[in-house]
Every structure is written in C-alpha cells, then in structure tokens.
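Taking the numbering used here, I'd label the letters of the sequence shown as residues -13 to 413. Beta carbons: idealized from backbone N, C-alpha and C, even for Gly.
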Amino acid sequence: MTSRNEALFQRAQKSIPGGVNSPVRAFRSVGGTPRFISRAEGARVWDADGKVYIDYVGSWGPAIAGHAHPAIVEAVREAALAGLSFGAPSEAEVDIAELICELMPSIEMVRLVSSGTEATMSAIRLARGFTGRDAIVKFEGCYHGHADSLLVKAGSGLLTFGNPSSGGVPADFAKHTIVLDYNDLQQVEDVFRARGGEIAAVIVEAIAGNMNLVKPLPGFLEGLRRLCTEYDVVLIFDEVMTGFRVGLQGVQGLYGITPDLTTLGKVIGGGMPVGAFGGRRDIMEKIAPLGPVYQAGTLSGSPVAVAAGLASLKLLREPGFYENLSARTTQLVTGLAAAATDAGVTFSADSVGGMFGVYFSAAVPKSFADVMASDRDAFNRFFHAMLDAGHYFAPSAFEAGFVSAAHTAADIDGTIAAAREVFARLG
Ligand code: PMP
C-alpha cells in the first residue's frame, strides 16, 4: 500500500519542482521519500501517515522553544486579529529592534527583512556601498542564502575570484567573490596582503552550521577581526543560524568578538518569515532612506512575524534557558557518541548551545575537507534507521541538528536508546 507521504510526494512532483519548496527537503542526499509534516508540537512532528517523530530539525533552527509554543501561537493570533500587514511602521517593530540592539551589543541599528537570504544579500550590498569596493570574501562550506554573490565556489587559485556554484549566476558576478577555506587564517592574510584594498567585506558563519557543525579554531575569528580592521574591510558575522541559538548573544558573545555587521533570521522570527541585518551605526546609516544604499520590502517587519519573534525572544531571556538547552544538547551528543563507541562505529559529535553535529568520522571536523571526508553512506543508513524508529534528524550529512527547550531528558534518552540499536546494526 502506498503511504500518504509517498502519494503526496508523487502529487507534489507534478506541480512543484522536485516536490519541495526548498531543495534539502527532497531527501536527495539520503534517498527515499520525504515526510510530509501535518502537525508539530513541542519536540515532536507528525507526518501525513500519522507517524510521530522526535524532531532534531526544528524547522532548520527557528523552533528553539519547541513547535507551536503556546505563548508564540497566542502572540501570533493576537497580532493577526489586529491586521496581517500594514505597509506602514508599527510599534512592535520598534520593540523588536530595541530588543535586538540590547541583546547583541554590536548591533546599534537594525533593519528587518523576511528571510536570511535577504539579510545577507542586503548586508553585502551595504558593505559594498559603505566601502566603495566590489570584492567580498566568503568561505567554502559556509552558506549564506541564495543571492548571486554568495552562490560561488572557489576559483582555480587562492587569489583568483570565484566561479558560480549555481546555474543562472553570471560569471561576471561571481568574479567579485573570493572563496577561501574556513579556519585557514593564513589564506585570508595572503589575500588581504595582495588585494585588501579591493575587498568590501568578509562574510562568515562564525560557527559554521551548513557543512554540518564546524567550530572556529582558536584565533581564526580574532584574526578575521584584526585583518578587517587593518584593511577597512567590513566584517559580517552571518548569525542567521547561530543567533539566539548558541547563546543569547550569538557566536559574537561566546567568543567576545565584535563584527561590523550581523545577519539574523530563523530564531528571531519564532517560526515566521523574519530576517534582520544590523551593526555599526555609521554603516547602517548608509541604508535608504538615510543613505544611498537601497533596500526595501513590502512585508518587511510584518506585524504577525514580529509578534512571533518578540514572543520567542522573551522566552529565551528567561533565566536558565540556555543552560537547560545546552545540557539537553550535550546529553544527546555524549549519549550518541558513547553508543557508537560501544558498537565500534567510527563516529564523533559536537555541540554548542542548542546546535549539534554528528559525524561519521573519527574526529570532529575542523574544515570543509574534514567534513567531506566523513562516511556519507554510514550517515545515510543511520538517518533512515533513526527515521524508521521515530527520530527525525536532518536529511543530509552536511547539516547541523537542533534541540529545543521542549526536548525532555526522557526524549533524548529515547533517541540515544534507538541509536544504540541502530549503531549495533551498523557496526
Ligand atoms: N545564512 C545562514 C547561516 C543560514 O543557515 C541560512 C539558511 N539556512 C541562510 C543564511 C539563508 O536563510 P533563508 O533560508 O531564511 O533565506
């Protein structure tokens, strides 16, 4: 009998490219049929066949308080009753802007947008407008959304500009992006020495979460800060994933580094479409209508989305929120690693705040090359066996995972127990 997930996937593929509205949802990397989700609550999601899963995707980050948290749903309901969108300023936008500036001290002014992609795209344009330079530096394996300048892979040599990594991106655009290796500060020094005067911005996932989880080596972020200051290059921390996920002040708070601009998304929308970019006042004042760099959005600062974001941020500020979240996440990764070791499976795991990585490699990766060297087949077998057992991990070996405040110690223990059986079969 065809499952309802299967039937929906067949139907979806006729009217939606690949059957999905964002590629990773299609299970291309792991194979099989994506689960169509009909409902989510707390730490759990239900698929179209009524099967329940403990969810470690969390809508790819936003669901930090757990799915459909009553306080967030109520805030959305109240806001919706007062009107879905005005195309004019509203008080809640001021509230969330003030809150973001208060929580992330590097942000002196902030502009709301509707996605992480818009946030990074706008931050890059702003950095170019501010510096009058065209080139930008990004790192292989870091994802910053799908703007043209950012869908770029490394060129043939260190000092050459990049090539498009997507169809439809003109080589003439990609040539302004220099792609370097994450965690290799020497490369950045070399490139800055050769062309520092041409570079508008360095954009980095300060803790990388789009090549699985990879943390910065000691000195890497500090070195970026030092070099950007020396060469008047705008340092952009893309905290779309890590903002309010690794801690209340993001990676910049954890490492004590002040970027010039920060991009946010995911958690600040509480599950609704919100992104933001903000930072130094002198840079932000270049944005329209104050300055010459244009940026706009019909639904930017949507009152419903902002209400969800404000309600979400309020929950995160409660004492002990991140301590509990980190404890649950640590419980998960240490439990999984112990289970793998007992079964003789080559495996490692890492976490920060409510974000984690599981790797089918002997050591925690420190670079994109390390991540690529992990055993993808083993991950795919693990993924499907866990999914069958009711534990929903990200459907790709190259994505980070997320724990929410709604995950209980018992939920995590259940996942570890399931993994123990799965590893025994894999080992
Ligand atoms: N930057 C980072 C670090 C991200 O993780 C993502 C999304 N995964 C984006 C930007 C793009 O955000 P969005 O999907 O909301 O456009």
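Just how far apart, CA to CA, sit L247 and T117?
-> 13 Å
In terms of alpha-carbon separation, which member of A192, D218 and A274 lies closest to E208?
-> The residue with the shortest Cα to Cα distance from E208 is A192.
At which residue ranges does the stretch 287 to 352 contain complete alpha helix (DSSP H) runs of 4 or more residues, listed in the order of the chain?
-> 289 to 302 and 307 to 329
For V43, the nearest candidate out of R266, T315 and A324 (CA to CA) | T315
Which whole-angstrom value is the C-beta distance of F346 and F333, which I expect to be below 8 Å?
-> Between the beta-carbon of F346 and that of F333 there is about 6 Å, and that keeps the pair under the 8 Å contact cut.
Which residues in the same chain as A329 place their Cβ atom closer than 8 Å to its Cβ, once the five residues preceding and following it in sequence are excluded?
-> R406, F409, A410, L412 and G413
G257 versus R179 - alpha carbon distance | 42 Å
Three or more C-beta pairs closer than 8 Å, one from the stretch 1 to 21 and one from the stretch 51 to 61: is that the case here?
-> no
Between which two residues does the beta strand (DSSP E) harbouring G265 extend?
-> G261 to G265
With DSSP run on the structure shown, which of helix, strand or coil describes S24?
-> strand
Where Y241 falls: helix, strand or coil (DSSP) | helix
Neighbourhood of D167 by C-beta, 7 Å cutoff - its chain only, sequence neighbours within 5 removed = F125, E126, Q173, S353 and F354
Exposure label - N(-9); buried when at least 16 CB within 10 Å = Around the beta carbon of N(-9), 16 or more other beta carbons sit within 10 angstroms, so the residue counts as buried.
Buried or exposed (CB count within 10 angstroms, at least 16 for buried), S92 = buried
Any 3 or more C-beta pairs closer than 8 Å across the stretch 105 to 117 and the stretch 181 to 200 = yes
Would you call Y280 buried or exposed, if buried means 16 or more other Cβ atoms sit within 10 Å of its Cβ?
-> By the neighbour-count criterion, in which 16 or more other beta carbons inside 10 Å mark a residue as buried, Y280 falls on the exposed side.
Tell me whether G251 sits in a helix, a strand or coil according to DSSP, three-state version.
-> coil
Tell me whether S390 is buried or exposed, calling it buried when 16 or more other Cβ atoms sit within 10 Å of its Cβ.
-> buried
Nearest residue (CA-CA) to F72, options G283, P381 and G131 | G283
Give the secondary structure of R231 by DSSP, where H, G and I count as helix, E and B as strand, and everything else as coil.
-> coil
Name the two residues that bound the continuous alpha helix (DSSP H) containing M107.
-> Note, M107: alpha helix (DSSP H), G102 to T117.
Return yes when at least one heavy atom of ligand 1 lies under 8 Å from the C-beta of M197, else no.
-> no
Answer yes or no: do V344 and N196 have a C-beta to C-beta separation smaller than 9 Å?
-> no
Contact set for G434: own chain, Cβ-Cβ below 6 Å, skip 5 residues either direction = The first residue shown for the chain is -13 and the last is 413, placing residue 434 beyond what the model contains.
Indicate, with yes or no, if ligand 1 has a heavy atom lying under 8 Å from the CB of Y129.
-> Checking every heavy atom of ligand 1 against the Cβ of Y129, one is found closer than 8 Å.
Would the C-beta of D134 count as close to ligand 1, meaning under 8 Å from any of its heavy atoms?
-> no
C-alpha gap between L(-6) and V319, whole angstroms = 34 Å
Taking buried to mean at least 16 other C-beta atoms within 10 Å of its own C-beta, is D224 buried or exposed?
-> In summary, D224 is buried, with 16 or more beta-carbon neighbours lying within 10 Å of its beta-carbon over all protein chains present.
State the start and end residues of the unbroken alpha helix (DSSP H) segment that holds I58.
-> P56 to L67
Length of the line joining the Cα atoms of A364 and A371 | 11 Å
Which partner residues of H53 appear in the DSSP bridge assignment?
-> G28
Leaving out five residues on either side along the sequence, give the residues of the same chain with a beta carbon under 7 Å from the beta carbon of P48.
-> K252, V253, G255, G256 and G257
So does the stretch 267 to 278 actually touch the stretch 65 to 85, counting three or more Cβ pairs closer than 8 Å?
-> Here the stretch 267 to 278 makes no contact with the stretch 65 to 85; the two share fewer than three CB pairs at distances below 8 Å.
Quick one: measure Cβ to Cβ for V226 and G102, integer angstroms, because I've assumed they're closer than 8 Å.
-> 4 Å
Ordered along the chain, which non-local residues of its own chain (more than five positions away) have a Cβ less than 6 Å from that of L136?
-> H130
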